[in-house]
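**Student:** Quick one: structure below, then a few questions.
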Amino acid sequence: MMNAISKYLASLRFTLTLIISLTTMFLLSFILPQKELLKKQDYLQMKAGSPLFFSVMETLGLTEVYTSPVTLALWCFFFLNLVMVMWQRIPLVLKRVETFPEKIDDPRTAASYPMKLAVTLEDRSYGAVQNVLARAGYRIFGDAERFYAVKNRLSPLATLLFHLSFFLILLAGVITTYTKFVGYLEMGVGEAFHGELSRYKGSPRMPKIGAPPSTGLVLESVQPQVEQNVATGLVVGLRDDRGMLHTADINRPYKSGVTSFLVNDLGVAPLVVIQDERGRDLDGAYVKLDVAKGKKDRFRLYGYEIEARYFSDHLVVDGVDQSGSDAFSNPAMRLEASKNGVMIAASTLKAGESMSLDGNRLVLREMPFWVRFLVVKQHGDWLAYAGFIIATLALCWRLFLYRREIVGAVEQTDTGIDLYLACRCEFYRTAASQELNRINQLLNNSAVG
Amino acid sequence: MSFYESIFFWTALTIYCLASGGFCYAVVFRNDRVLGKLLAITATGLGMHTAAIAARYAAQGHLPWSSNYDNGLMGGWFIVLSTLYVCIRHKPIRVIGIATLPAVLLIMGYGVMRNPVLSPLDATLKSFWLFFHVFFAWLSFGAYVLAMGVGVLYLLREKKERAGQIVEFYQRFGSNDYLDDMMFRYLVFGFITNAVMIVAGAIWAKDLWGSYWSWDPIETWSLISWLMYGVAIHLRVTMGWRGSRFAWLMIAALMTVIINFFGVSLIMKSTVHVFRMG
Ligand code: HEM
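Okay, here's the thing in C-alpha cells:
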C-alpha cells in the first residue's frame with residue numbers, strides 16, 4: 000500500500016494531475032467571488048444572499064483561492080512530486096550524458112535509429128567522415144568499423160536545470176515574503192523623511208525577518224506630465240542622505256540598496272494661511288489633500304472646518320466650477336469654510352488669492368504637489384532573477400539544442416569507402432532525416448573542396 | 000486612427016479577407032496552383048499593414064502596444080509575418096493561411112471595434128520591460144497560432160485518411176510525422192517566448208506595483224495558458240501524445256491565449272498608478 004502511494008507520488012501521471020489541478024484552482028478565481036477583488040460591502044451583500052454557499056466556500060478557503068488550504072496543499076504536493084521525480088531522474092540523466100554505448104548498433108539494422116543513409120564516397124577515407132561529423136558539431140567514439148557520434152550530448156542536463164530552477168524561484172518567493180516591508184509614504188515638496196515608521200500612512204506591513212527601511216530623502220520637486228488627457232509621466236526629484244539628486248517616475252522607482260520608492264500617486268498640498276484683519280498670520284499649514292479625480296477632502300484650521308475640491312484646468316461653465324481637461328494648466332481650488340456647522344464663506348481660489356472669513360482672511364499662498372510613494376524593501380530579488388534566467392536558458396538549451404545521435408560504419412572499397420549512417424533525434428522524428436541530409440551535403444561539399 | 004492609418008488598415012483588412020477566401024477556395028477545391036498567388040496577395044496585405052503601423056507610429060509617437068486595437072494590429076502583423084515565413088520556409092504546409100488568416104481577421108476586427116483612438120503612451124506603459132514583454136507576447140502568440148494552424152491541417156488530412164480517401168492535395172502537406180513535428184516546433188518556440196514574456200512582465204510589475212506577482216487577472220491567465228502548454232509538452236514528451244490528439248490539444252490550448260490576449264483591458268482597470276486630478 001505504502002509502496003503504491005509513494006510510486007504514485009513520484010509518477011509523471013501525478014505531475015500532470017497536479018498541474019491541471021493548480022490550473023483549475025486559478026480558473027476558479029475567475030468564477031467564484033474573491034474577497035480581494037470585491038469591495039467589502041459588496042462581498043457581505045453577496046454572502047447574505049446565499050449564506051450556505053458562502054459558508055462552504057469560506058470553509059474550503061475558495062473565496063481566497065490563491066491562499067486557500069487546497070491550493071497550498073497542491074503546491075506542497077507539486078514540489079514533493081518534483082523532488083521525487085527529479086531524485087529518480089538525476090542518476091539516469093547523469094548516466095545518459097556520461098556514458099557511451101558499450102555496444103554500438105549496426106547502422107544497417109539498428110531499429111532504434113529510424114533514419115538510415117548509405118553512400119559510396121570515392122577517394123575518401125574514414126578520416127574525412129570524422130572531419131565532416133566534427134564540423135557538424137558531433138563528438139565521435141569508436142572506429143571505422145563501428146562508430147557512434149553525438150551532438151548536444153549534455154542537453155538532458157537542461158531538463159534537471161529547468162525543473163530545479165523552480166526551487167530557486169520558490170526560495171526567492173519565501174525569502175521575499177518573510178523579509179518584505181511595504182508602506183505608503185506621502186511627502187510634500189520640500190519635506191524630508193528619515194525612515195520614521197510613524198510617517199507611513201496606516202500601518203505598514205512589517206518584515207517577519209529584518210528591519211524596515213532606514214533610507215532618508217528629501218522631496219525636491221514634482222512634475223506631473225499630461226498630454227491629451229493622458230498621464231504620461233510624474234517626474235519626481237529626490238535628494239538622498241548624501242546630498243545626491245535622483246529622479247524617479249512611474250515605472251522608474253528610486254532604489255537605494257534593496258529598498259525601492261515607487262511613485263504611486265499624486266495630490267496637492269496647498270499652503271493655507273489664516274490672517275487677521277490687519278494681515279498678521281494667525282495660523283497656517285501645508286495640508287495634504289486627497290482631491291484626485293474630483294474627490295472632496297476636508298481639513299481644520301484655526302477652528303474653521305474647510306472642504307476642498309481641486310480643478311487642474313479650471314473653467315466655469317454655467318456658473319459651475321469644472322476641469323476642462325486633466326492637464327495642470329490652470330489649477331484652482333474651491334474652498335467652503337464653516338464654523339460650528341454653519342457655512343460662512345465659499346470661493347474658488349488660485350494660488351496667491353484669498354477670501355474673507357467672518358473678520359479674518361483665508362489666503363491660498365501656493366499649491367505645491369505631494370506624492371505618495373509605495374516603499375518596498377525585500378531581499379531575495381537576485382535569487383528570483385537567477386531562477387528566471389536559469390529556467391529560460393535551460394529551456395532553450397533543452398528544446399532547441401536537443402540531442403542527436405548517429406551510429407555509423409565504414410567499409411573500404413577499391414576506390415574509396417561505403418558509408419552507412421543511422422540517426423535519431425530527441426523530440427522530432429523528421430529531424431533525423433534532415434540531419435542525415437545535411438551531413439550528406441557536407442560530405443559532398445567536402446568532396447568538391 | 001489617423002487618416003493614412005485608416006486607409007492602410009482597411010486596405011490590409013480587405014486584402015486579408017480576399018486571401019482568407021482564397022485559402023478556403025484552395026482547400027475546398029483542392030487547388031494548390033493558387034497558393035503562389037495567395038502568398039503574393041498576403042504579402043501585399045502585410046505591406047499595407049506595416050504602413051498602417053508606421054502611420055500610427057508617426058501620429059502618436061510610439062509603437063501601438065497599449066489598447067485592444069493596438070494588440071489586434073500588432074498581434075495580427077506578427078501572425079501574418081509568421082504565416083509568410085512558413086509559406087516560404089516550409090512549403091508543404093503553405094496552405095496554413097486557411098487557419099491563421101481568419102484568426103488575424105478576428106483579432107483585427109475585434110480591435111478596430113473597440114478603441115482605435117490615437118493617444119500618447121500612458122505613464123504606466125513607459126517601460127523597457129514592457130516593450131520586451133509585449134514583443135515576446137506577440138512572438139509566442141504568433142507561434143501558438145501556427146501550431147494551431149498545423150493542427151488544423153493535420154486534422155483535415157486525417158479525416159480524409161480515416162474515411163479511406165487519399166487526397167493528393169492533402170498529401171502535399173508532407174508526412175504525418177512532418178506535420179506532427181512542425182506542431183511541436185511551433186509549440187516549443189511559443190512556450191519559450193511565452194516564458195520570457197511572463198518573466199519580463201513580472202519584472203515590469205515589480206517596478207510598477209512593487210511586487211513580481213500579484214495574482215492580477217492578466218497575470219493569472221498568462222500563467223494558466225503557459226501551464227496548459229507545459230501540460231501539452233509533458234503529454235507529448237512523457238506520455239507520447241502525438242497526431243490528432245496533439246492537434247486537438249493545440250487548438251484547445253490556443254483558446255486560453257485568446258482569452259488572455261483580449262483581457263489586456265483588465266490590467267488597465269486594475270492598475271492603481273494612473274493619476275487623474277481634474
Ligand atoms: C511536479 C512538477 C514537474 C515534474 C515532476 C516534471 C517532470 C518532468 C520530466 C521528468 C520531464 C522529462 C521528460 C523526459 O525527457 O523524458 C519533463 C519535461 C518537461 N517539463 Fe516538466 N515537470 C514538472 C513541472 C513542469 C512545469 C510546471 C513546466 C512548465 C510549465 C514543465 C515543463 C516541462 C518541459 C518544457 C519539458 C520538456 C523539456 C525537458 O525535457 O526539460 N514541467 N518534466
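Just so you know, the sequences run in chain order A and B. Quick note on numbering: numbering that gives the first Met the number 0 labels position 253 of the first sequence as 252, and the sequence is numbered without any gaps. Quick note on numbering: numbering that gives the first Met the number 0 labels position 217 of the second sequence as 216, and the sequence is numbered without any gaps. Even glycine gets a Cβ: it sits at the ideal position worked out from N, Cα and C. Keep in mind that this is a model prediction, so the values were computed, not measured.
Assuming the contact rule is C-beta atoms closer than 8 Å, B/L72 and B/M107 should be a hit. Round their C-beta distance to whole Å, please.
**Tutor:** For this step, residue 72 of chain B is matched to residue 73 along the second sequence. For this step, residue 107 of chain B is matched to residue 108 along the second sequence. Right, the Cβ-Cβ distance comes to about 7 Å (below 8 Å), so this counts as a contact.
**Student:** If you check the beta carbons only, do A/Q227 and B/P115 fall under 8 Å apart?
**Tutor:** Translated into positions along the first sequence, residue 227 of chain A becomes position 228. Translated into positions along the second sequence, residue 115 of chain B becomes position 116. Going by C-beta atoms, A/Q227 is not nearer than 8 Å to B/P115.
**Student:** Using a beta-carbon distance below 8 Å, is B/H272 in contact with chain A?
**Tutor:** The residue given as residue 272 of chain B occupies position 273 in the second sequence. The predicted model places B/H272 with a pLDDT of 35, which falls under 50 and marks its position as unreliable, so this point remains unresolved.
**Student:** Can you find a CB in chain B that lies within less than 8 Å of the CB of A/P252?
**Tutor:** Against the first sequence, residue 252 of chain A aligns to sequence position 253. At least one chain B Cβ lies under 8 Å of A/P252.
**Student:** Taking only three categories from DSSP, how would you classify B/K205?
**Tutor:** Stepping through the second sequence from its first residue, residue 205 of chain B is reached at position 206. In the structure shown, B/K205 sits in a helix (DSSP, three-state: H, G or I).
**Student:** Can B/F22 and B/G96 be called in contact, C-beta distance under 8 Å?
**Tutor:** Working through the second sequence from its first residue, we reach residue 22 of chain B at position 23. Working through the second sequence from its first residue, we reach residue 96 of chain B at position 97. Yes.
**Student:** Ligand 1 and A/G187: does any heavy atom of the ligand fall closer than 7 Å to the residue's C-beta?
**Tutor:** Indexing the first sequence from 1 puts residue 187 of chain A at position 188. Result no, Cβ not under 7 Å from ligand 1.
**Student:** Could you work out which residue in A/I416, A/P252 and A/L61 is closest to A/Q33 when comparing CA atoms only?
**Tutor:** Reading the first sequence from its first residue, position 34 is the one you call residue 33 of chain A. Cα-wise, what sits closest to A/Q33 is A/L61.
**Student:** Since B/W211 meets chain A, which of its residues come closer than 7 Å, beta carbon to beta carbon?
**Tutor:** Taking the second sequence and counting its residues from 1, one reaches residue 211 of chain B at position 212. Here the sequence assigns Tyr to residue 211 of chain B, which means Trp is not the residue at that position. Correct list: A383.
**Student:** Helix or strand or just coil, what does DSSP make of A/T412?
**Tutor:** Translated into positions along the first sequence, residue 412 of chain A becomes position 413. Reduced to three states, the DSSP call for A/T412 is coil.
**Student:** Report the partner residues of A/L11 according to the DSSP bridge assignment.
**Tutor:** Working through the first sequence from its first residue, we reach residue 11 of chain A at position 12. Its beta-bridge partners do not exist; DSSP assigns none.
**Student:** Candidates A/S220, A/L153, A/V262 and A/F161: which alpha carbon is nearest A/L392's?
**Tutor:** Counting from 1 along the first sequence, the entry for residue 392 of chain A is found at position 393. Of the candidates A/S220, A/L153, A/V262 and A/F161, the one whose C-alpha sits nearest the C-alpha of A/L392 is A/F161.
**Student:** Whole angstroms is fine: what's the gap from A/Y427's alpha carbon to B/S213's?
**Tutor:** For the purposes of this step, residue 427 of chain A is taken as residue 428 along the first sequence, with counting starting at 1. For the purposes of this step, residue 213 of chain B is taken as residue 214 along the second sequence, with counting starting at 1. Approximately 38 Å, taken between the alpha carbons.
**Student:** Do you know offhand how far A/Q321's Cα is from A/D264's?
**Tutor:** Sequence index remark: in the first sequence, residue 321 of chain A carries index 322 (1-based). Sequence index remark: in the first sequence, residue 264 of chain A carries index 265 (1-based). Cα to Cα, A/Q321 sits roughly 22 Å from A/D264.
**Student:** Could you please give me the residues that DSSP links to A/R299 through a beta bridge?
**Tutor:** Here residue 299 of chain A corresponds to residue number 300 of the first sequence, with the count starting at 1. DSSP output for A/R299 lists A/E304 as bridge partner(s).
**Student:** For chain B, find out if any of its Cβ atoms is closer than 8 Å to the Cβ of A/Y427; answer yes or no.
**Tutor:** Walking along the first sequence from the start, residue 427 of chain A turns up at place 428. Chain B, which has a Cβ nearer than 8 Å to the Cβ of A/Y427, makes this yes.
**Student:** Just to confirm my understanding: we take A/F76, look at its own chain, exclude 5 residues before and 5 after, and list those with CB closer than 7 Å. What are they?
**Tutor:** Here residue 76 of chain A is taken as the residue at index 77 of the first sequence, counted from 1. Answer for A/F76: L17, listed in chain order.
**Student:** Is it the case that the Cβ atoms of B/N67 and B/Y109 are separated by a distance below 8 Å?
**Tutor:** Within the second sequence, residue 67 of chain B is the residue found at index 68, counting from 1. Within the second sequence, residue 109 of chain B is the residue found at index 110, counting from 1. Yes, these two residues count as a Cβ contact at 8 Å.
**Student:** Considering only the beta carbon of each residue, do A/R12 and A/E185 sit closer than 8 Å?
**Tutor:** In the first sequence, residue 12 of chain A corresponds to position 13, counting from 1. In the first sequence, residue 185 of chain A corresponds to position 186, counting from 1. No, Cβ-Cβ distance for A/R12 and A/E185 is not below 8 Å.
**Student:** Shorter than 8 Å from the beta carbon of B/L120 to some beta carbon of chain A?
**Tutor:** Mapped onto the second sequence, residue 120 of chain B falls at position 121. Chain A, which has a Cβ nearer than 8 Å to the Cβ of B/L120, makes this yes.
**Student:** What span of residues does the beta strand (DSSP E) with A/L361 cover, start to end?
**Tutor:** As a first step, residue 361 of chain A must be located in the first sequence, where it is residue number 362. Here the beta strand (DSSP E) through A/L361 covers N359 to E365.
**Student:** Determine whether the Cβ of A/Q87 lies closer than 8 Å to any Cβ atom of chain B.
**Tutor:** For this step, residue 87 of chain A is matched to residue 88 along the first sequence. Cβ-Cβ to chain B under 8 Å: no for A/Q87.
**Student:** Among A/R204, A/V229 and A/E219, which one has its Cα closest to the Cα of B/K125?
**Tutor:** On the second sequence, residue 125 of chain B is found 126 positions in, with the first residue counted as 1. When only C-alpha atoms are compared, the closest one is A/V229.
**Student:** What in chain A is Cβ-close to B/A194, meaning under 8 Å?
**Tutor:** For this step, residue 194 of chain B is matched to residue 195 along the second sequence. Within chain A, the residues near B/A194 are A390, T391 and L394.
**Student:** Would you say the beta carbon of A/W396 is closer than 7 Å to some non-hydrogen atom of ligand 1?
**Tutor:** Here residue 396 of chain A refers to the residue found at position 397 when the first sequence is read from its first residue. Incorrect: A/W396 has no Cβ contact closer than 7 Å to ligand 1.
**Student:** Would you mind giving the Cβ-Cβ distance between A/V128 and A/V406, rounded to the nearest angstrom? I have them listed as a contact below 8 Å.
**Tutor:** Here residue 128 of chain A refers to the residue found at position 129 of the first sequence. Here residue 406 of chain A refers to the residue found at position 407 of the first sequence. That belief does not hold up - the Cβ atoms of A/V128 and A/V406 are roughly 13 Å apart, past 8 Å.
**Student:** Please classify A/I388 as buried or exposed, where buried requires at least 16 other C-beta atoms within 10 Å of its C-beta.
**Tutor:** Taking the first sequence and counting its residues from 1, the one referred to as residue 388 of chain A is at position 389. Per the 10 Å Cβ criterion, exposed.
**Student:** So what's A/W369 in DSSP terms, helix, strand or just coil?
**Tutor:** For this step, residue 369 of chain A is matched to residue 370 along the first sequence. If DSSP states are grouped into helix, strand and coil, A/W369 belongs with the strands.
**Student:** Label A/L244 either buried or exposed according to how many other C-beta atoms from any shown protein chain fall within 10 Å of its C-beta, with 16 as the threshold for buried.
**Tutor:** In the first sequence, residue 244 of chain A corresponds to position 245, counting from 1. Per the 10 Å Cβ criterion, exposed.
**Student:** Checking 8 Å against the spacing of the C-beta atoms, do B/G74 and B/W137 come in under that value?
**Tutor:** As a working mapping, residue 74 of chain B is identified with position 75 in the second sequence. As a working mapping, residue 137 of chain B is identified with position 138 in the second sequence. Taking 8 Å as the Cβ cut-off, B/G74 and B/W137 qualify as a contacting pair.
**Student:** Would B/L253 count as contacting chain A if we go by Cβ distances under 8 Å?
**Tutor:** Indexing the second sequence from 1 puts residue 253 of chain B at position 254. By this cut-off, B/L253 is not an interface position.
**Student:** Taking only beta-carbon positions, decide if B/D69 is within less than 8 Å of chain A.
**Tutor:** Numbered from 1 along the second sequence, position 70 holds the residue referred to as residue 69 of chain B. No, B/D69 does not count as interfacial toward chain A.
**Student:** Report yes if the CB atom of A/V267 is closer than 8 Å to the CB atom of A/M366, and no otherwise.
**Tutor:** Position 268 of the first sequence, counted from the start, is the residue given in the question as residue 267 of chain A. Position 367 of the first sequence, counted from the start, is the residue given in the question as residue 366 of chain A. The answer is yes: Cβ separation under 8 Å.
**Student:** Would you list, in chain order, the members of the region 222 to 249 of chain A that have their beta-carbon closer than 9 Å to a beta-carbon of chain B?
**Tutor:** Going along the region 222 to 249 of chain A in chain order, one finds P223, Q224, V225, E226, Q227, N228, V229, A230, T231, G232, L233, D248 and I249 with a Cβ nearer than 9 Å to chain B.
**Student:** Specify the secondary structure class of A/E144 as computed by DSSP and reduced to three states.
**Tutor:** Taking the first residue of the first sequence as position 1, residue 144 of chain A is located at position 145. Of the three classes helix, strand and coil, the one that applies to A/E144 here is coil, per DSSP.
**Student:** Compute every distance between the C-beta of A/L17 and the non-hydrogen atoms of ligand 1, then say whether any falls below 7 Å.
**Tutor:** Taking the first sequence and counting its residues from 1, one reaches residue 17 of chain A at position 18. A/L17: yes, Cβ under 7 Å from ligand 1.
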